[in-house]
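Enquirer: Chains A and B are the protein sequences, given in the same order.
Heads up, the first sequence is in this note's numbering, so the first residue is 6 and it goes up one at a time.
Heads up, the second sequence is in this note's numbering, so the first residue is -19 and it goes up one at a time.
Using N, Cα and C, we set each Cβ at its ideal position, and we do this for glycine too.
Here it is: the structure, laid out below.
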Amino acid sequence: MRSWLDKIKQGQLWRYQGGVHPATKKDNIDCGKPETLTLAKQLVVPLQQHIGSPAKVCVEVGSTVKTGQALTESRFYQSPPVHAPCCGTVVAIEARPSAHPSGISELAVVIEPSSIQNEHAFMAPLLEAELTPELICERVHQAGISGMGGAGFPAALKISPNKPLNVLIINGAECEPYISSDDCLMRNYAEPLLRGVSLLEKALSPKLVIVAVEDDKPGAIKALQAAAGDNIVVRAIPTKYPSGGEKQLVQVLTGRELKAGQLPIDQGILVHNVGTAYAVQRAVDHGEPLISRIVTLAGDHVGEPRNYWVAIGTPVSHLLEQQKLGTHHQAIMGGSMMGFMLPNLASPIVKTANCILVNNTPAQAQEQACIRCGECAQACPMGLLPQQLYWYAKGDDLEKSRSYKLMDCIECGACAYVCPSAIPLVQYYRQTKAKVRAEDLLAQEAERAKQRFDARKLRLEKEQAERKARQKQAAERRLQQAQGAGNDPVKAALQRMQNKQVEIKAIENEQGELVPDNSAAIAARKARKAQARAAKDAKTTNPAVAAALARAKAKREVDGEQSAPAKSANPAVAAAIARAKAKRNSEQPAEAEGSKPATSANPAVAAAIARAKAKKAQRTDASQPDSTAAKPSSTSSNPAVAAAIARAKAKKQAAEQPSANAKDAAVAAAVARAKAKKASQSEQPELERPENDASKTASSANPAVAAAIARAKAKKAQAEQQTQGENADAKPAKSSANPAVAAAIARAKAKKLAQEQQQQTQNEHSEDARSVSSSDSPVEPADATSPPKRSAAVAKAIAAAKAKQAAKAASSMESDNDE
Amino acid sequence: MIEAIIALTVLAAIFGGILGFAAIRYRVEGDPIADQVEQLLPQTQCGQCGHPGCRPYAEAIAKGEAINKCPPGGQETVEKLADLLGVEVPELDASAQEKEKPKSVAFIHEEACIGCTKCIQACPVDAIVGANKQMHTIITKECTGCELCVAPCPTDCIEMRPIAQTSRTWDWQLNKIDIAVIDVASGSAKLEEADNA
Ligand code: SF4
Ligand code: SF4
Ligand code: SF4
Ligand code: SF4
């Protein structure tokens, strides 16, 4: 270890493989004291200018802010806050075009500067004596400092000490063409910069601190060396692109190679940008947060390329105005190798924006096929195989891309720079990387969803077990009570009975007549009988029939409710009338149906009959003109129309009662929505019914899932039915392009078939119905999904079975007839 | 000759013993194929494949059910499954195809919610918070977009909204962007279709 650090100290440099030497184009850029740019009409401060998550906004639209006032706040180091770059008023907090190659709008605080800029809300400077690493860390976070070179990693996160640090590297390499903002900073602010470095040193206590500068910046090196004390080594490194890359710089200075996915800190090394060091000094010694930065304005179209102090949030177009540029130009943010075309010049300068380039749009060289020359592999500083990556990127082979370490690519563009076929390699890599990231994200989400799903299942099981336990406990308690009291309860009951009889007798005695006594006894007996009958009915009557009845009732009720309010001014009265009517209506079919179903041996047939009857009853209801009330809407057979009418009515009602308080309106709206939904659901009664029943079969505890499954199945059944229907029927249902329409047609056809079949069976001989039903029953088990508890009520309702039955029975009937 | 036979017999007995032991000692619990298949399914838990969740479908696939029934997974999942199981890549099931749509999450129009808790009971991943007669809302981050909560809502106040693209999930399709050139002098922006590719 010793010798390694010594070697570094003695000035030994290492080499990394690859890299290129593009023209630096920095000679004509003025690196004198940077001019401070005037404030733009509006400053747009994006909430997120770093990697991590945005902090919480703590200002409101309309509030006045002072220079350096925090606009967002967060306790977490991964969410550094942003600050107001000037005095002014917050005019909006909204999505604005971001400083990103996509230009997608992201949340930003928009500030209009006031005419007088004399107030600031800086933090109190920290005193030298009280400086501790934690304090510096906290201050760096509060000042919103995030990496100013490349990705914008929150600086506080990087300097919160958790691992022993050997070497702290301050990166002033600035290897990309055109960019000279760091050069400018080092030349003009060497002393505060080095003060910032020593503050970082204090926070991190490394064994060695190196400030690395490429040797094409002699001015910066001289200034730094003059200001540097003994503890800070200023090292000139050979100019080569991309020496400013973190991994490359670490390798050049320390000879340590970082493995894939490894951070420098894992090797006891940390890299910070010179801009970060300067910002730390401002934050600690002046309490000033990161609200401005040096930006290079350069490029072919720029008359006097130079550096400016630019307030964070200044629109790029405002910067271009300084050199009378604008209208038709396209600007690149960043250097010519790694920068990106800004899709929108209203995008703001952010903490990571070091350069704005206004170049001639280069005549795009025609992209040609890869000739496998291997130039790119020579140039790649990461030791990757760009031509292979390109190959897999084109073929969308994410698996292979991963295994060829695509995610290690730093998108430096060295490979594209040397490519003789002018292939925009990096563009391909970025797209593929985005796909890989999306895939990873999906996998993560899937994992989480699975965990939550499993957790929910566990919870439900637990709840059920608890419920069972409670029930058992209650039963036991009852039993215990009974036992504990011995024969008492029985005796007590007997006693009660006797008392009652005495009472009754007493009444009788009082009245002195026999008649009332008899009538009471008869009434009691009758009631008992009725009860017994009801109980028996409930037992024998098929639950499906009951369900069908209930549904039919519900439907009619909806119809009634829809129609009635039309004429009555008072909706409540109308509803009551409608309900009464619905009840009356429902009584008739109930009687008719109640008599028969128990006789049918096969519950499936019974259910079918019940359903058909319910429908018929409904139809007669609808067609019989009601003498007491005009029913305009119930005659419309289309439930969707009915639903629309209901909705319209609800709206009208809502409009009529604007003065009614908001809560009532909300409730009314909710009710109306519920009604509308119910009405629209009855649009597919045939389809819904099997679903509802099928949902009972599914072993899953979740009825919604069951419903979804049933829906999927019903659809499949429909498809089958459709094809069968086509075979049986001369007219194909396929002619309609709309699947919903097709489904409706199929449904109608199936219904017709079923009706025909029923008629035939009834006409010929009633025995036939039994035979059909028995021929049906073998179909059912095949479609029943959950073998464990397959009740009869359930199996018959499965959509597939039904559709098949109808078609099959019809065709067999036909063949029977033919014979 | 005899020695050779004896030697081979002994060897066979030894290896047979080892194999038999290994078969019992290192027995794999559960169904490894179903596990692997489940890894590839999207875990939306929506039931559109005809099974109450992804795990049951994975088990059904392991037993030989068609691999093309999962609409949220789409054709990509079908391909991955085919790859895993070493079968021909089938087309996504026709009915599944029409259900394929951009990834969405549920959104509750809170002013219309009556707090019936029906949606909570339907959500397979507990991504809805709320209580009886209180307003409900979706934890967007946890929603898998299964749409199971939409149908049970009596007031129809749940809507599926496509997930918006952010700069972090952007797919770098540069030639899809409209480049805006701001006319600074007049302050107006005009959109130009620019092909950066
Ligand atoms: S862009 Fe990626 S592949 Fe190309 S040279 Fe740079 S690191 Fe290598
Ligand atoms: S369709 Fe796909 S996502 Fe939905 S439950 Fe089935 S396997 Fe899971
Ligand atoms: S919130 Fe709705 S769509 Fe989202 S996961 Fe839950 S049930 Fe599915
Ligand atoms: S189902 Fe609809 S009304 Fe009921 S709680 Fe959920 S969102 Fe609210």
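Going along chain D, which residues have a C-beta under 7 Å from K455 (chain A)?
Expert: The structure shown contains no chain D; its protein chains are A and B.
Enquirer: At 9 Å on the CB atoms, spell out the chain A contacts of I84 (chain B), in chain order.
Expert: Here residue 84 (chain B) is Ser; the residue named in the question, Ile, does not match the sequence. Within 9 Å Cβ-Cβ: nothing; S84 (chain B) doesn't reach chain A, min ~13 Å.
Enquirer: Between the C-alpha atoms of C414 (chain A) and S408 (chain A), what's the straight-line distance to the nearest angstrom?
Expert: Distance between the alpha carbons of C414 (chain A) and S408 (chain A): 12 Å.
Enquirer: Please classify D290 (chain A): does DSSP put it in a helix, a strand, or coil?
Expert: Of the three classes helix, strand and coil, the one that applies to D290 (chain A) here is helix, per DSSP.
Enquirer: So, helix, strand or coil for W314 (chain A), using DSSP?
Expert: Residue state, collapsed to three classes: strand.
Enquirer: Please say whether A89 (chain A) and V115 (chain A) have beta carbons closer to each other than 8 Å?
Expert: No; because the gap between Cβ atoms is not below 8 Å, this pair is not in contact.
Enquirer: If I296 (chain A) sits next to T72 (chain A), beta carbons under 8 Å apart, how far is it from one beta carbon to the other, in whole angstroms?
Expert: Going by Cβ atoms, the distance from I296 (chain A) to T72 (chain A) rounds to 7 Å, so yes, they are a contact pair.
Enquirer: Taking Cβ-Cβ distances below 7 Å as the criterion, which residues of the stretch 44 to 56 of chain A are in contact with chain B?
Expert: Answer in chain order: no residues at all.
Enquirer: Can you tell which of A:G292, A:G37, A:G57, A:V279 has the C-alpha that lies nearest to the C-alpha of L162 (chain A)?
Expert: Among A:G292, A:G37, A:G57, A:V279, the Cα nearest to that of L162 (chain A) is on A:G57.
Enquirer: Using a Cβ-Cβ cutoff of less than 6 Å, which residues in the same chain neighbour N359 (chain A) once the five nearest sequence positions on both sides are dropped?
Expert: These residues qualify, in order along the chain: I184, S186.
Enquirer: Please identify the residue among A:I164, A:A45, A:K405, A:L198 whose C-alpha is closest to the C-alpha of G273 (chain A).
Expert: When each option's Cα is compared against that of G273 (chain A), the closest is A:I164.
Enquirer: Where does A751 (chain A) fall in DSSP's three states?
Expert: Residue placement at A751 (chain A) is poorly supported in this model, since its pLDDT is 45, which falls under 50; the coordinates are not used for a value here.
Enquirer: Which same chain residues end up closer than 7 Å to A470 (chain A) when comparing Cβ atoms and leaving out the 5 residues on each side of it in sequence?
Expert: No residues qualify anywhere along the chain.
Enquirer: Using a cut-off of 9 Å between C-beta atoms, extract the partners of P436 (chain A) located in chain B.
Expert: One point to set straight first is that residue 436 (chain A) is Gln, not Pro, in the sequence displayed. Near Q436 (chain A) (Cβ distances below 9 Å), the residues of chain B are D151, W152, Q153, L154.
Enquirer: What residues come near ligand 2, if near means a beta carbon less than 7 Å from any of its heavy atoms?
Expert: Those satisfying the condition are, in chain order, B:L21, B:P22, B:Q23, B:T24, B:Q25, B:C26, B:G27, B:Q28, B:C29, B:H31, B:G33, B:C34, B:Y37, B:K49, B:C50, B:P51, B:P52, B:G53, B:C126.
Enquirer: Which residues in the same chain as Y283 (chain A) place their Cβ atom closer than 7 Å to its Cβ, once the five residues preceding and following it in sequence are excluded?
Expert: Excluding positions up to five away in sequence, the list reads L190, Y194, P197, L198, G201.
Enquirer: Closer than 7 Å to a non-hydrogen atom of ligand 4 - does that hold for the CB of I119 (chain B)?
Expert: False, no ligand heavy atom lies under 7 Å from that Cβ.
Enquirer: Flag this pair as touching only if the stretch 64 to 71 of chain B and the stretch 109 to 124 of chain B have three or more C-beta atom pairs under 8 Å; answer yes or no.
Expert: Not touching, per the Cβ criterion.
Enquirer: List, from N- to C-terminal side, the alpha helix (DSSP H) runs of 4 residues or more that fit wholly inside the stretch 190 to 223 of chain A.
Expert: Listed in chain order, the complete alpha helix (DSSP H) runs (minimum 4 residues) inside the stretch 190 to 223 of chain A are 195 to 209.
Enquirer: How do the stretch 99 to 110 of chain A and the stretch 345 to 352 of chain A stand: do at least 3 beta-carbon pairs fall below 8 Å, yes or no?
Expert: The stretch 99 to 110 of chain A is in contact with the stretch 345 to 352 of chain A.
Enquirer: Check whether the Cβ of M387 (chain A) sits closer than 7 Å to any heavy atom of ligand 5, and report yes or no.
Expert: Questions concerning ligand 5 fall outside what the structure shown contains, since the ligands it does hold are ligand 1, ligand 2, ligand 3 and ligand 4.
Enquirer: For D35 (chain A), which beta-bridge partners are listed by DSSP?
Expert: DSSP output for D35 (chain A) lists A:R311 as bridge partner(s).
Enquirer: Which stretch, first to last residue, makes up the beta strand (DSSP E) that contains C34 (chain B)?
Expert: Element bounds for C34 (chain B): not the beta strand (DSSP E) but the alpha helix (DSSP H), 34 to 42.
Enquirer: For a minimum of 3 consecutive residues, which ranges assigned as the beta strand (DSSP E) are wholly contained in the stretch 74 to 143 of chain B?
Expert: Here the runs fully enclosed are 84 to 88, 138 to 142.
Enquirer: Please list, in chain order, all residues of the same chain as T24 (chain B) whose beta carbon is under 6 Å from its beta carbon, the five residues on each side excluded.
Expert: Once the five neighbours on either side are set aside, the close Cβ partners of T24 (chain B) are P52, T124, C126.
Enquirer: Just curious, the beta strand (DSSP E) that G177 (chain A) is in, first and last residue?
Expert: Element bounds for G177 (chain A): 172 to 177.
Enquirer: Any idea which residues DSSP pairs G238 (chain A) with across the strands?
Expert: According to the sequence as given, residue 238 (chain A) is Val; it is not Gly. Partner(s): A:I215.
Enquirer: Could you give the residue range of the alpha helix (DSSP H) that holds A46 (chain B)?
Expert: Here A46 (chain B) belongs to no alpha helix (DSSP H), and DSSP marks it neither H nor E.
Enquirer: Grouping DSSP H, G and I as helix and E and B as strand, with all else coil, what is A443 (chain A)?
Expert: Helix.
Enquirer: Determine the closest residue to C91 (chain A) out of A:V64, A:L48, A:K61, with distance taken between C-alpha atoms.
Expert: The residue with the shortest Cα to Cα distance from C91 (chain A) is A:L48.
Enquirer: Would you grab the beta carbon distance between E372 (chain A) and A427 (chain A) for me? Rounded to a whole angstrom, and I think it's under 8 Å.
Expert: Confirmed, Cβ separation roughly 6 Å.
Enquirer: Give me the chain A residues within the contact set of V105 (chain B), using Cβ-Cβ distance strictly less than 7 Å, ordered along the chain.
Expert: By Cβ distance, chain A contributes A454, R457, F458, R461.
Enquirer: To the nearest angstrom, how far is it from the Cα of R7 (chain B) to the Cα of A144 (chain B)?
Expert: Roughly 47 Å between the two C-alpha positions.
Enquirer: I'd like to know whether the C-beta atoms of I138 (chain B) and I88 (chain B) end up nearer to each other than 8 Å.
Expert: Cβ atoms of I138 (chain B) and I88 (chain B): closer than 8 Å.
Enquirer: Kindly indicate which residue of A:L209, A:K30, A:L132 has the alpha-carbon position closest to the one of P310 (chain A).
Expert: Taking only the C-alpha atoms, the option nearest P310 (chain A) is A:K30.
Enquirer: Does ligand 1 have a heavy atom nearer than 7 Å to the CB of L263 (chain A)?
Expert: Result no, Cβ not under 7 Å from ligand 1.
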